[in-house]
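There are 4 protein chains.
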Amino acid sequence: MEKLLCDIPASRLKSYQLAGRQQKPEGTIVGVQGIEIGGDQFVVMAGPCAVESYDQLVATAKIVQSSGATILRGGAFKPRSSPFAFQGMEEEGLKILWEARKITGLPVVTEVMDTRQVELVNDYTDIFQIGSRNMQNFPLLKEISKADKPVLFKRGLGATLDEYLQASEYILQGNEKVILCERGIRTFETSTRNTLDLNAIPMLKHLSHLPVIVDPSHGTGHRWMVGPMARAAMAAGADGILVEVHHNPEEALCDGHQSLHPEEFERMMHDLQVIGEAIGKKILIPEKETA
Amino acid sequence: MEKLLCDIPASRLKSYQLAGRQQKPEGTIVGVQGIEIGGDQFVVMAGPCAVESYDQLVATAKIVQSSGATILRGGAFKPRSSPFAFQGMEEEGLKILWEARKITGLPVVTEVMDTRQVELVNDYTDIFQIGSRNMQNFPLLKEISKADKPVLFKRGLGATLDEYLQASEYILQGNEKVILCERGIRTFETSTRNTLDLNAIPMLKHLSHLPVIVDPSHGTGHRWMVGPMARAAMAAGADGILVEVHHNPEEALCDGHQSLHPEEFERMMHDLQVIGEAIGKKILIPEKETA
Amino acid sequence: MEKLLCDIPASRLKSYQLAGRQQKPEGTIVGVQGIEIGGDQFVVMAGPCAVESYDQLVATAKIVQSSGATILRGGAFKPRSSPFAFQGMEEEGLKILWEARKITGLPVVTEVMDTRQVELVNDYTDIFQIGSRNMQNFPLLKEISKADKPVLFKRGLGATLDEYLQASEYILQGNEKVILCERGIRTFETSTRNTLDLNAIPMLKHLSHLPVIVDPSHGTGHRWMVGPMARAAMAAGADGILVEVHHNPEEALCDGHQSLHPEEFERMMHDLQVIGEAIGKKILIPEKETA
Amino acid sequence: MEKLLCDIPASRLKSYQLAGRQQKPEGTIVGVQGIEIGGDQFVVMAGPCAVESYDQLVATAKIVQSSGATILRGGAFKPRSSPFAFQGMEEEGLKILWEARKITGLPVVTEVMDTRQVELVNDYTDIFQIGSRNMQNFPLLKEISKADKPVLFKRGLGATLDEYLQASEYILQGNEKVILCERGIRTFETSTRNTLDLNAIPMLKHLSHLPVIVDPSHGTGHRWMVGPMARAAMAAGADGILVEVHHNPEEALCDGHQSLHPEEFERMMHDLQVIGEAIGKKILIPEKETA
């Protein structure tokens, strides 16, 4: 007999006191600077893995904006497997992020890893990101539940959807603006960095009222797979994507192999726009300026 | 450090002597009764999990045909976890399948599990199906390599893509008509029957020249997830789907919970047609007859 | 919430109609040539991965016998991931195995993979081995259920214990002499070939009346880990082990890296004897002949 | 082809700059209050999952001490999947723990989850515990690296051994007293709470110089499996165990199903002592006082 063969019992749905679909059958829309996540827009958050310099970030920000991204991503505090790897520019990185925000007008999302950093990061971000390694860092979730800003909350790579939704309730106790994010789970398959679990999209939508976005960069680990999996995420019902783009991936300080070149990002956005038109999800790509 | 961070090295690609993309860079198209799998058609194989009776199969066959399926599926030999579960109608089921083929004109696909059954099944099918439990049943693969018919070859639920492509070479030694099929892998997640690994679509297309289809019924285990995941499979680049439909799922002898109702199947086909138009994959849905 | 937090419910135990502990609370002892598997002996089955030649097998057989092994293993039909790898000596290998049996008096265990081979293998073995890839090869299990010889039945690398016990009932319908064998499962961990699931020993003993042995060679994939994990298997309550030994592992045609050198095997047997004395499991090591 | 078939290459061993075996070939012994972890003692850390009251903790502490435990465990800050579950007694729990330490003389180990709690916990513990959910909580590891006390550092349930050892180097940068702890990983198997990966014992000993203990309570999730798996851990070469004991498990506020009854703990300790004598690992069980 394989696993769970019947539909989700009502008792299980009821068990999510704050995240459960029954709390808000129409679904939650999280707003940030006029952008609505969870509605009929398909929201694209793009930018480099890590903030590396003012020039790098601003260049990349302009590129992704010109292709239709509406939120800028970039890490200042980087969780790295080894202490001997680049750990991020920290506060200086946050300041650069804020500069890029001013120049482009794009709201920004950046990761926070430590309860003691929440206040600092709060000064420089529109959306807090909780990374997959911290999905069950409960003191951090409790601290973030006190903030009045949206939270991009990534699924842990070894976490069931049940644990994921339970963990979201640590934030939801004080902060309703939670955006779920599937970013790949850990399986036995080794040809991809992670296994992107797109089943999670309809299942999370079924169990919960929260918006769901997908990270095809970490979910695959290969630049050339990001486009197909972004399209798949849209077709499965995701509300947006989080994607790594670098103006020069070969020189990126982290995750260059999975970061899109600017022209790859542009092509992907056009592909998404076409599918979006077919299924009713909007992507607005700015017209190119002509000389 | 997470898994494999760089792109697939050339040496690995080269290791697939028969299945490797370098053997046929343009890709393989498998033809069956005028249908081309691996080309610009999106091929839909649909029907019940198991052949249960003449009436059941013919009713379902007509339904799926009228909504655009071009190949009929149905199991006569059923691999069941327990010996005390329904094991299929065996030869009688094959004969009913062949009857339904005559009536509808749809070519059929059915599973073979035993080297000793290959000859018998050969008399009643257009496509052999090798199920996930038999992906590394090498004597069976060798026997099928002698057949002159297409083979729908499912990935094992605990098999890496590397093992999958290596196993395909047991068939490819004598029979070039191999159709790969992702049907979900086994992970720690329990809310779905399996984890449908859509990463496998671009990766298999990258590594191999063989066509790739997806089984969203086994890949999810929930009827209401089949539509979204079929759309995602198409958007990720699959060449078709294999899907369970029953004219009355509540009374199905097996897998009823994941079998589509006729009207659900019809709706899914229309959704797929719309996305297919956007991305250049064709689905032809017959016009409804009017009185 | 993590998985199954409470003890196994009675209803689940009852679900194993033939394999369930309640069928035979005292436990099953499988006898072969006077050796009792499932009693107070700790049974060691040892020998090369594959039969390679008369000289190789007889040399290895004498070595393992002199260190206390009481059953000789050796594959004649080898399930290999790639069709281009050594596939075993087939019938010639079986004949060599039978010769080694005559010379040493050790009963033999060898794998059968095809329903059509059962009759042939039956002529040359004392114990049939069903490999992990064939755990759900139901036609093969049904064929083996007609045999009147013990079956060493390996767990599939992606199979739950529930599926494993259900599959055992295909054999138990006609043949009560089933020996279970944990040989490692597939997980995300890559430093070992598989993850040896020793939890399976007490759990299988709890759920079922069948004897349980462990294969630390495949369960680790590293020669130097075989000893510690064999000791652990014994301490957890296993009834024996299946272990790969080669008189010259560096030249083995398969699995040399995980095959023990003769002197490593001898040391392991002494270690096991010492622990066995402490916990009441017997291993008899023949006295060395003196000149 | 299955995973990594050859032995660990030297380059990989070298990659652990601080945790690698080559740094300290003879192995590290971590001392706490005269107890040596990593030497020829088999160290047993026992106590309740959570500190619930003064009476509960002191009763349990006396029980485990009388059966040979030399370190007392007990959680004051509890990481719970749901925010609606018991979260621990926090500072009050720490104070009770310290009381029990005074009464029994047993050094204590307790979990710290938040960088802001390190100073507080430091006042009330002999050993910091980093739980599996925080294995990659890098700010916490950096904070702990500044402490001058031993750290019981649990493996994450989705972490490879490679990631585990890399994470240990965040602590080792400032604090050499790291004790590794295998506590079960997440796999597809559902009959046990986790899959206790005993392969990790010889592999970690091979790769690293750090002591390794095992948690059979979380690694199985079933009280009746703790004894067999503790014995297996010892036989595989572990330096000790961490085990949950409750004076009345049926009324425990958390993890009662996997907590040992006092008499079960006593029996397990005697079994371990017997095996320990056979393999050269010491457990000292105090003589019973007689009236």
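Residue numbers (our numbering), protein chains in the order written: chain A, 1 to 291; chain B, 1001 to 1291; chain C, 2001 to 2291; chain D, 3001 to 3291. Note that CB positions come from ideal geometry on N, CA and C, so glycine has one too. Note that the coordinates shown come from a computational prediction; the quantities given were computed from them, not determined experimentally.
Neighbouring residues, chain B, relative to residue i (Cβ below 7 angstroms)
i       : result
C:T2115 : D1114, T1115 and R1116
A:R231  : A1235 and A1236
A:L161  : E1189 and S1191
A:I268  : The residue asked about is misnamed: residue 268 of chain A is Met in this sequence, not Ile. Chain B residues near A:M268: none, gap ~12 angstroms exceeds 7 angstroms.
A:P262  : Neighbours of A:P262 on chain B: none; closest Cβ ~19 angstroms, over 7 angstroms.
Cross-chain neighbours of residue i in chain C, by beta carbon under 9 angstroms
i       : result
B:P1107 : The contacting residues do not exist; B:P1107 stays about 25 angstroms from chain C at best.
9 angstroms Cβ cut-off: residues of chain A touching residue i
i       : result
D:L3253 : Per Cβ cutoff of 9 angstroms: no residues; D:L3253 is ~17 angstroms from chain A at best.
Local Cβ density within 10 Å of residue i, reported as buried at 16 or more and exposed below that
i       : result
A:G131  : buried
D:L3284 : exposed
B:A1291 : Any reading at B:A1291 needs caution, since the residue's pLDDT is 49, under 50, leaving its predicted position unreliable; the model's value is listed next. The residue in question, B:A1291, is exposed, as its Cβ has fewer than 16 Cβ neighbours within 10 Å.
C:E2143 : buried
B:F1077 : buried
C:K2281 : buried
B:E1277 : exposed
B:G1105 : exposed
C:P2083 : buried
D:G3093 : buried
B:P1286 : exposed
D:K3288 : exposed
A:V109  : buried
B:Q1033 : exposed
B:K963  : Outside the displayed range of chain B (1001 to 1291) lies residue 963 of chain B, so it cannot be described from this structure.
B:F1086 : exposed
B:D1255 : buried
Contact set between residue i and chain B, taken where Cβ atoms lie within less than 9 angstroms
i       : result
C:G2158 : G1156, L1157, G1158, A1159, I1185 and R1186
A:V274  : A1278 and I1279
Under 8 angstroms by beta carbon: chain C residues contacting residue i
i       : result
D:M3044 : The amino acid occupying residue 3044 of chain D in the given sequence is Val; Met does not appear at that position. Chain C residues near D:V3044: none, gap ~16 angstroms exceeds 8 angstroms.
Under 9 angstroms by beta carbon: chain D residues contacting residue i
i       : result
C:E2277 : A3278
A:E169  : S3082, P3083 and F3084
Partners in chain A for residue i, counting only beta-carbon separations shorter than 7 angstroms
i       : result
D:Q3173 : P83
Listed by chain order, chain C residues near residue i by CB distance under 7 angstroms
i       : result
B:P1286 : Ordered by position in chain C, no residue passes the 7 angstroms Cβ test against B:P1286, which lies about 38 angstroms from the chain.
B:Q1166 : S2081 and S2082
Residues that residue i contacts on chain D, provided the C-beta gap is smaller than 7 angstroms
i       : result
C:I2241 : Per Cβ cutoff of 7 angstroms: no residues; C:I2241 is ~13 angstroms from chain D at best.
C:T2220 : N3199
Please identify, using Cβ separations under 9 angstroms, the residues of the stretch 3178-3199 of chain D that lie next to chain C, in order along the chain. G3184, I3185, R3186, T3187, F3188, E3189, T3190, S3191, T3192, R3193, N3194, T3195, L3196, D3197, L3198 and N3199
Where are the alpha helix (DSSP H) runs, 4 residues long or more, that stay fully inside the stretch 2088-2164 of chain C, in chain order? 2091-2104, 2118-2122 and 2138-2144
Given 8 angstroms as the limit, is there contact between the stretch 3041-3057 of chain D and the stretch 3018-3026 of chain D, that is, 3 or more CB pairs closer than that? no
Would you call the stretch 232-252 of chain A in contact with the stretch 1246-1261 of chain B, where contact means no fewer than 3 C-beta pairs closer than 8 angstroms? no
Taking one C-beta from the stretch 157-168 of chain A and one from the stretch 1197-1215 of chain B each time, how about it: are there three or more such pairs within less than 8 angstroms? no
Quick check for students: name the residue ranges of the alpha helix (DSSP H) that lie wholly in the stretch 1195-1234 of chain B, counting only runs of 4 or more. 1200-1207
Do the stretch 1058-1067 of chain B and the stretch 1256-1275 of chain B make contact, defined as three or more Cβ pairs closer than 8 angstroms? yes
Specify whether the stretch 2117-2125 of chain C and the stretch 1091-1102 of chain B touch according to this definition: at least 3 beta carbon pairs, one from each stretch, less than 8 angstroms apart. no
Give the list of continuous beta strand (DSSP E) stretches no shorter than 3 residues that lie fully inside the stretch 1009-1092 of chain B. 1030-1032, 1035-1037, 1043-1047 and 1071-1073
Mind checking the stretch 3132-3146 of chain D against chain A and listing, in chain order, the residues whose C-beta falls within less than 7 angstroms of any C-beta there? R3133, N3134, Q3136, N3137, F3138 and P3139
Chain C contacts made by the stretch 1017-1042 of chain B, where a contact means CB separation under 8 angstroms: Q1017
Any contact of the stretch 3213-3231 of chain D with the stretch 2210-2219 of chain C, i.e. 3+ C-beta pairs under 8 angstroms? no
Does the stretch 173-182 of chain A come close enough to the stretch 147-154 of chain A that 3 or more CB-CB pairs lie under 8 angstroms? yes
So if I threshold CB-CB distances at 8 angstroms, which residues from the stretch 3066-3081 of chain D count as touching chain C? S3081
Tell me, please, whether the stretch 3132-3140 of chain D touches the stretch 44-59 of chain A by the rule of three or more beta-carbon pairs shorter than 8 angstroms. no
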